[in-house]
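With my numbering, you'll find the sequence shown wraps up at 362, consecutive numbering, no jumps.
This report concerns only the one structure given below.
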Amino acid sequence: MRKMTMLAATALVASAAATALAAPAMAGSPDGKWQVKVLGSAVLPDGKIDKIKSIDAGTTLGGTLATLDAVGTKANDNVVPTLAVEYFFTKTFSVETICCFTQHHVSGTGDIAGAGLVDHVLILPATATAKAHLDTGTPFKPYVGAGPAWFFVFDEKPGETARALGVDRVKMSNKLGFALQAGMDIAINDKGLGLSLDAKKYWVKPTASFYAGDDLALKTRHDLDPWVLSAGVSYRF
């Protein structure tokens with residue numbers, strides 16, 4: 126099932142990329158219906174534990190954590206390429222879909238500071254937002270948006286510390302979340318070329334399940350809640 130989801134996501138990115146590559150052959154316009162953006166994005170997640178849902182003190186991991194007072198987690202930041210495709214229904218209303226892959230690891234804080242808990246978490250934050258644009262009559266057009274985001278998680282592995290404590294498998298859940306965004310499109314000519322600045326705040330709470338053999342040693346819910354700050358070029362046609 127996860128392989129099928131990965132293939133579907135890859136097909137979506139490939140399709141959008143083909144649209145972006147074909148766009149220069151079409152007549153560009155700052156008032157076109159379609160806009161494609163290629164961005165660089167800083168993904169800045171939180172990753173702290175929101176709730177310990179279960180803990181098995183009979184396992185090495187669970188027994189170790191049960192003796193500690195301050196157990197927390199954090200996820201590392203990353204910078205990734207991002208592709209966005211947008212359709213304008215009117216000058217002031219559009220719908221945009223954003224896609225990228227970002228890789229992270231989860232480490233401990235507090236009494237387990239620096240502990241490697243989860244490695245190589247690959248996340249696809251598939252996002253669709255409805256956007257309201259302010260037509261200023263100038264090349265500078267600010268906007269705000271909001272919409273759902275489905276976080277697909279792939280290829281997660283136990284970190285070094287988790288493995289040392291008997292964990293041989295970790296699973297993070299796919300999860301539906303919500304995103305708010307704000308930004309600005311800046312036209313740089315009358316051929317559809319422009320610049321884009323964008324900031325998104327996500328709210329999403331996936332769970333992480335740590336297994337020692339067939340035993341569920343630990344299950345936690347996390348405030349992933351990343352900021353995604355992007356800048357790049359756009360083409361509207």
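We put the CB at the ideal spot given by N, CA and C, even for glycine.
- In the three-state reduction of the DSSP assignment, Glu211 falls in the strand class.
- Taking a contact to require three or more Cβ pairs closer than 8 angstroms, the region 248–255 and the region 213–225 qualify as touching.
- If you look at Gly187, you'll find it in the alpha helix (DSSP H) that goes 185–191.
- Within the model, the alpha-carbon separation for Lys176 versus Asp194 is close to 14 angstroms.
- With a cutoff of 8 angstroms on beta-carbon distance, Leu318 and Gly153 are scored as near each other.
- DSSP places Thr261 outside any beta strand (DSSP E), giving it a letter other than H or E.
- By the neighbour-count criterion, in which 16 or more other beta carbons inside 10 Å mark a residue as buried, Lys216 falls on the exposed side.
- In this structure, DSSP gives Ala182 a state outside helix and strand, which the three-state scheme calls coil.
- The region 274–329 contains, as complete alpha helix (DSSP H) runs of 4+ residues, the segments 285–289 (chain order).
- Distance between Pro273 and Lys300, taken at the CA atoms: about 11 angstroms.
- A Cβ-Cβ separation of about 20 angstroms leaves Lys178 out of contact with Thr286 under the 8 angstroms criterion.
- For Asn203 and Gln228, the gap between their C-alpha atoms comes out near 7 angstroms.
- Under DSSP, Asn203 forms a beta bridge with Val168.
- According to the DSSP assignment, Ser232 belongs to the beta strand (DSSP E) that extends over 227–235.
- Comparing alpha carbon positions, the residue from Leu208, Ala257, Leu242, Trp275 closest to Ser359 is Leu208.
- Shown here, Leu341 sits in a strand according to DSSP, grouped into three states.
- Annotation: the continuous beta strand (DSSP E) that includes Gly357 extends over 352–361.
- Secondary structure at Gly197: strand, using DSSP grouped into helix, strand and coil.
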